[in-house]
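Reading through the structure tokens given below for one structure.
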Amino acid sequence: MIFSKPQHNIYFSFFIYSFCLGVFFPRIGDLQNQMNIGETTLGLALLGPPIGVQLSLLFADKIFSFLGFRLVMCLGVPMLSSALVFSSLTINPLIFAISLMLGGFAIGILEVAVNLEADRIEYKINKKIMNRSHSFWSLGFFCSGLTGALFSQMQISPFINFSLSLIFGTALTILFCIKYKPAEMRPNLNSNNSLFVIPTRAVMGLVILTLSPMLLESASIDWSVIYMRDVFSTPPFLNGMAIVMVAFTQFSIRYYADQFVEIYGSDIISKISIIAMFIGVTLVFFSNFPYLSLIGFAFIGGGSAVLFPLAMSAAAQKTDRSAASNVASLAQISFLIFLLAPPFLGYIAENFGIRISFGIGLPLIMLSWLFVSSLKSK
1 MIFSKPQHNI
11 YFSFFIYSFC
21 LGVFFPRIGD
31 LQNQMNIGET
41 TLGLALLGPP
51 IGVQLSLLFA
61 DKIFSFLGFR
71 LVMCLGVPML
81 SSALVFSSLT
91 INPLIFAISL
101 MLGGFAIGIL
111 EVAVNLEADR
121 IEYKINKKIM
131 NRSHSFWSLG
141 FFCSGLTGAL
151 FSQMQISPFI
161 NFSLSLIFGT
171 ALTILFCIKY
181 KPAEMRPNLN
191 SNNSLFVIPT
201 RAVMGLVILT
211 LSPMLLESAS
221 IDWSVIYMRD
231 VFSTPPFLNG
241 MAIVMVAFTQ
251 FSIRYYADQF
261 VEIYGSDIIS
271 KISIIAMFIG
281 VTLVFFSNFP
291 YLSLIGFAFI
301 GGGSAVLFPL
311 AMSAAAQKTD
321 RSAASNVASL
331 AQISFLIFLL
341 APPFLGYIAE
351 NFGIRISFGI
361 GLPLIMLSWL
371 FVSSLKSK
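If you number the sequence shown the way my numbering does, the last residue is 378 and the count never jumps.
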């Protein structure tokens, strides 16, 4: 199985990887009930994936160079799916976290693989495809979120749900990789071997800009299902639709983002995105109706879709030091937000209510508005 255009192959890679990952999130509420734990403990257990990702990123370039794109996909997708299957069998939060950490290790390698391959294809065809590639990542989340919500509504266990994803994802990945020929490496004049790169003042502005979209995307992925369940006591399918709405609007915005950025510029697009996030968080925070909250999650997904890619592009264009160093420093600091978000939001939810977990995004959105100017090249 191979597609005629090079970019279509990487779109498929983003899709199948995110589909196998996305089956987990609509079932978080079911797994929480299975382990009989509170939000704080769940938040700590959800540290597993980001810790695994962080560990793998220390060696990802070497692993990718040694294995190559096809082997990384053929090993990484089943490793990720198998970790999720194992996590669905335990009632111990520690073993649950360790299982997710192993899955996170696979996520880190896969992230490097698909993004590097997308970058190489961009160079090969001389056409911007990164935002559209990430739109297919969101599409994978949308499809797996929809199936996960249906499975939860039909009371099909997470184990069966994740096992079917393992079989489906592994089979399609192997069929794809058998004939796929990866793109050649692009010339790279910058190198950076540091494990951690301290951000400059200019990059710190971009870090502050991305605080709200990163936190709200993390909150929506990890906690939207539990928000719907605890606030409205809605059925499992409607709970899972919260993630589906986030993923669908992210896919829609990212798919067309590149052409709109070219027409209107990153400044206007980022301001529209921030306004959309503000509307979304306001609806989720104050809503007394489940369908109004779903609309709020749709706005959060659309608003958070392109701010981080725009910030990464701006970091690469800063002239205070090499593009590689600036991109690495922004990525590392932003990832720490994902690392700290699950336990922080879980603690807030258990002690102050899950609405507050989303409401704390409002002041961060205002900060993002103040730092839109950091997108300008200096």
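Each residue gets a CB set at the ideal place from its N, CA and C atoms; glycine is no exception. Please read these numbers as outputs of a predicted model, since none were measured by experiment.
Span of the alpha helix (DSSP H), counted from its first residue to its last, around residue i
i: G301; result: 290–303
i: L21; result: 6–22
i: V306; result: From DSSP, V306 is part of no alpha helix (DSSP H); its letter is neither H nor E.
i: R355; result: 354–359
i: V131; result: Looking at the sequence itself, residue 131 is Asn, so the reference to Val does not match. Note, N131: alpha helix (DSSP H), 130–153.
i: M35; result: 28–35
i: G240; result: 236–264
i: F86; result: 60–87
i: V372; result: No alpha helix (DSSP H) holds V372; DSSP gives it neither H nor E.
i: T319; result: Careful: T319 lies outside any alpha helix (DSSP H) and carries neither H nor E.
i: I51; result: 48–57
i: R186; result: Looking at the DSSP string, R186 is not in any alpha helix (DSSP H), and its letter there is neither H nor E.
i: G108; result: 93–125
Pairwise C-alpha distance: residue j and residue i
i: G29; j: G240; result: 9 Å
i: F66; j: S81; result: 22 Å
i: G302; j: V261; result: 15 Å
i: A328; j: M130; result: 17 Å
i: L340; j: I51; result: 10 Å
i: A316; j: N92; result: 43 Å
i: I333; j: L364; result: 16 Å
i: V372; j: R321; result: 21 Å
i: M79; j: F162; result: 12 Å
i: F352; j: I221; result: 20 Å
i: F19; j: G361; result: 27 Å
Outcome for residue i when other beta-carbon atoms lying within 10 angstroms are tallied against a minimum of 16
i: L345; result: buried
i: Q250; result: buried
i: Y17; result: buried
i: L370; result: exposed
i: G265; result: exposed
i: K318; result: buried
i: N33; result: exposed
i: L58; result: exposed
i: F176; result: buried
i: E184; result: exposed
i: F289; result: exposed
i: S233; result: exposed
Beta-carbon proximity of residue i to residue j, cut-off 9 Å
i: A349; j: G43; result: yes
i: A311; j: L215; result: no
i: V225; j: N326; result: no
i: S87; j: W223; result: no
i: G145; j: I243; result: yes
i: G38; j: I98; result: no
i: A314; j: S273; result: no
i: L307; j: S368; result: yes
i: F96; j: A45; result: yes
i: G22; j: F141; result: yes
i: R379; j: V231; result: Past the edges of the chain, shown from 1 to 378, lies residue 379, and the structure says nothing about it.
i: V112; j: A60; result: yes
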